[in-house]
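Written out below as structure tokens is the structure these notes cover.
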Ligand code: IFM
């Protein structure tokens, strides 16, 4: 029988600190639609979606949730939920259609209007500068494989800081850089669809350089609340066998520490050599003197995206880290085949707190694609599994806080059902159900539950 694991004791959970921010997250390419409106330049996702077979069902992000035109209604829905923060991303190509140079004020205006609407609604805007939608014009110049991308990104960030800095409460440079390098450059399942381990390594180093350079640019502009968002998946060894233990460490280095360690500690994990090649540094990434100092620009906060853990065993045929996943029956798995494991969020937050010197943390994404009813019934969408998922993960956050982690915010992924990258629209993560034909939004039971959590600052979780 499938069930949600109940490793956390509700009686030990507490209400959240005063001022804790309750949010929901989205990203530009996943919800906005209108990709070329008002002078925007195409992104790599606009292009990738046109590659036959790249996206399930031939879906494209062209319309998505039509948020570009409906953002005011969506902000009203956020207010109705009681959100106190909203995490969104800025589409680089709306702001700089060619990726560099000419600024497109009409594109920036969209984000100015969004930020104003959020502030009017009493919702703190959290902006992410890069959530995977590189301008196609920059991909033509090598994209993340071109070391110049660090400067391009910092220039773009500066335009955003200047235009929106008065209203945006917190900035993240890059969302999930590991997914960009691994999914986009090694596995080829995400834009730009390249398949080379060496390129993945090079892209990874340039993502970090771009991050550090954009942080420095923010400091030069007097911007505060600058951070990075990483996705963390605890790697648990399937056994105590030395090869499984080594595999768990290697997988952890590749996915969890490859970006966070250089950004916060100024070093690459040594296990990366086992993943990329014994001679990894000189050949793949061209790490130059001074790069790690740039990358280790001091941060104000670290964002953690948490969805699942992985129980791993040594399987040499699994690329690139030899980490085979061991299925954990009878635990519940989501529609994206991720084990539901709430305690991993507690573990991750406490780990990040200890490893990275007590840095303030935000849960910048957490959620699940589950088999919701396909359409509302009597105006309702009941998603009891998502209610349980939220409840158990929020209890895990409360427990991490009790264990000392300085967690300041939680953002549910996602506000809306949306374009789930190569899965197209088939996987639904939203608190609000979206009918993609009518664009009607319907709050799911999970939205009502989350509104109660927010209204009580977490106290309902103790019941
Ligand atoms: O939809 C994505 C998001 O863009 C990045 N983090 C994981 C989510 C669910 O797959």
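Numbering (the working numbering), first residue to last: 1 to 463.
Glycine included, C-beta positions come from ideal geometry on N, C-alpha and C.
Using a Cβ-Cβ cut-off of 7 Å (strictly less than) and excluding sequence neighbours within five positions of residue i, which residues of its own chain qualify?
i, result
"residue 62", "33 and 35"
"residue 373", "381 and 382"
"residue 15", "457, 458 and 459"
"residue 413", "25, 365, 366, 367 and 429"
"residue 118", "75, 86 and 125"
"residue 198", "284"
With DSSP as the reference, label residue i as helix, strand or coil.
i, result
"residue 365", "strand"
"residue 86", "strand"
"residue 118", "helix"
"residue 262", "helix"
"residue 441", "strand"
"residue 96", "coil"
"residue 419", "coil"
"residue 256", "helix"
"residue 65", "coil"
"residue 229", "strand"
"residue 237", "strand"
"residue 434", "strand"
"residue 39", "helix"
"residue 288", "coil"
"residue 215", "helix"
"residue 54", "coil"
"residue 375", "coil"
"residue 469", "Any answer about residue 469 is impossible in this case: the structure gives the chain only from 1 up to 463."
"residue 271", "coil"
"residue 1", "Per-residue confidence for residue 1 stands at a pLDDT of 28, beneath the threshold of 50, marking its modelled position as unreliable; no derived number is given."
"residue 324", "strand"
"residue 223", "coil"
"residue 316", "coil"
"residue 166", "coil"
"residue 184", "helix"
For residue i and residue j, which I take to be in contact (beta-carbon distance under 8 Å), what is that distance rounded to the nearest angstrom?
i, j, result
"residue 19", "residue 106", "The Cβ separation is near 36 Å, so there is no contact."
"residue 269", "residue 257", "4 Å"
"residue 125", "residue 86", "6 Å"
"residue 417", "residue 433", "6 Å"
"residue 133", "residue 44", "7 Å"
"residue 410", "residue 340", "Not confirmed; about 17 Å, so no contact."
"residue 248", "residue 296", "The pair is not a contact, with the Cβ atoms about 26 Å apart (cut-off 8 Å)."
"residue 361", "residue 302", "6 Å"
"residue 260", "residue 213", "So it is not a contact: roughly 18 Å between Cβ atoms."
Whose C-beta lies closer than 6 Å to the C-beta of residue i among residues of the same chain, with five residues either side of it excluded?
i, result
"residue 149", "206 and 210"
"residue 252", "235"
"residue 443", "432"
"residue 189", "183 and 422"
"residue 47", "136"
"residue 222", "none"
"residue 108", "95 and 163"
"residue 89", "27, 28, 128 and 131"
"residue 313", "238, 244, 324 and 326"
When every heavy atom of ligand 2 is checked, does at least one fall within less than 7 Å of the C-beta of residue i?
i, result
"residue 259", "This structure lacks ligand 2; its bound ligands are ligand 1."
Excluding the 5 residues flanking residue i on each side, which residues of the same chain have their C-beta closer than 8 Å to its C-beta?
i, result
"residue 70", "439"
"residue 187", "195"
"residue 67", "26, 31, 32, 33, 74 and 416"
"residue 224", "300"
Rounding to the nearest angstrom, what Cα-Cα distance links residue i and residue j in this structure?
i, j, result
"residue 317", "residue 323", "9 Å"
"residue 328", "residue 334", "13 Å"
"residue 415", "residue 80", "12 Å"
"residue 343", "residue 309", "9 Å"
"residue 406", "residue 359", "7 Å"
"residue 229", "residue 408", "14 Å"
"residue 387", "residue 450", "8 Å"
"residue 463", "residue 397", "16 Å"
"residue 455", "residue 174", "31 Å"
"residue 180", "residue 201", "11 Å"
"residue 541", "residue 72", "Residue 541 lies beyond the stretch modelled for the chain, which goes from 1 to 463, so this question has no answer here."
"residue 307", "residue 419", "17 Å"
"residue 281", "residue 394", "40 Å"
"residue 445", "residue 83", "16 Å"
"residue 139", "residue 49", "15 Å"
"residue 217", "residue 147", "17 Å"
With 8 Å set as the bound, which would you pick, yes or no: does the beta-carbon of residue i sit closer than that to a beta-carbon of chain D?
i, result
"residue 169", "Considering every chain present, this structure includes no chain D. It has just one protein chain."
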